[in-house]
DNA sequence: CCCGGTACTTAGCGATACTATGTATTGGTA
DNA sequence: TACCAATACATAGTATCGCTAAGTACCGGG
């Protein structure tokens, strides 16, 4: 991943993960592979796990432990009401930024 | 500015400033007020100046000192070739991220 | 003579993604 | 049996970046 992308992911990666979780409970390893499949090919595993710890501590998700057939038990995260609210705010912030940038790209001085 | 916006600006603010400078040399104070006029109402002055120091040290801009009628001399920044290259990469990175996020927003699981 | 506007600088802080490494479990295979 | 890859999670340390806060410097008007 380029350094630019690393910096640009700050703030957005959390939103991306929250968006992935809407109506789609998932566990860490799963989320990591999902992100990679979606083109974020170099997201570090550790980054995802740390992020999950954060959003859990912020109370944005509910966690459930489930046994796995192929390894240690999974921690399945599902978005709760507060998480949905945070996601809404995320999209608002994103829209704002996105609109300004598109204007800039079109040379909107 | 919300905390989300603060995080989301990381990486993009530099691109925004580079974009503002294309064909439009400007000095720090001017850039700050420009940003505020464009909706980034709470960008801290210190943030802009620190960013300008950074892009100068990275060699993305040329600097020229010009006297001002109303205060200390201005440092006028203009994009050089390397700055243009960086800006191009910025738009690439931005496009990538933007596209993935729009897909996510539309429920593109 | 001070105060507001102009203009720039910088030390310290908080948040976030990355690096690197480690632990634990299961199944396949040499 | 011994080993290894894949699965699954955890975390200490680092770098970067925007923000806070405070300061310096110059000018004109009330």
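Residue numbers (this note's numbering), protein chains in the order written: chain A, 1 to 109; chain B, 1001 to 1109. We put the beta carbon where it would ideally sit given N, CA and C, even for glycine.
Among the residues of the segment 61 to 93 of chain A, those with a Cβ less than 7 Å away from any Cβ of chain B are 89, 90, 91, 93, in the order of the chain.
In terms of Cβ geometry, residue 20/A and residue 26/A form a close pair [threshold 8 Å]. Listed in chain order, the beta strand (DSSP E) runs fully inside the segment 1063 to 1108 of chain B are 1071 to 1079, counting runs of at least 3 residues. In the structure shown, residue 26/A falls within a strand segment according to DSSP collapsed to helix, strand and coil.
A straight line joining the alpha-carbon of residue 61/A with that of residue 80/A spans about 5 Å. When 8 Å is used as the limit between beta carbons, residue 1016/B is near these residues of chain A: 100, 101, 104, in chain order. Nearest in C-alpha terms to residue 1022/B, of all of 1066/B, 1006/B, 1086/B, 1050/B, is 1086/B. By the Cβ rule, the segment 1003 to 1014 of chain B counts as touching the segment 4 to 14 of chain A, because three or more pairs are nearer than 8 Å.
Close partners of residue 1097/B in chain A (Cβ separation under 8 Å): 5, 8, 9, 12. For residue 1018/B, the uninterrupted alpha helix (DSSP H) run begins and ends at 1012 to 1021, by DSSP. In this structure, the alpha-carbon of residue 1057/B lies about 12 Å from that of residue 1049/B. As a beta-bridge residue in DSSP terms, residue 1061/B pairs with 1079/B. When 7 Å is used as the limit between beta carbons, residue 38/A is near these residues of chain B: 1100, in chain order.
Comparing alpha-carbon positions, the option among 78/A, 91/A, 68/A, 107/A lying closest to residue 59/A turns out to be 78/A. For residue 1019/B, at least one C-beta of chain A is nearer than 8 Å to its own C-beta.
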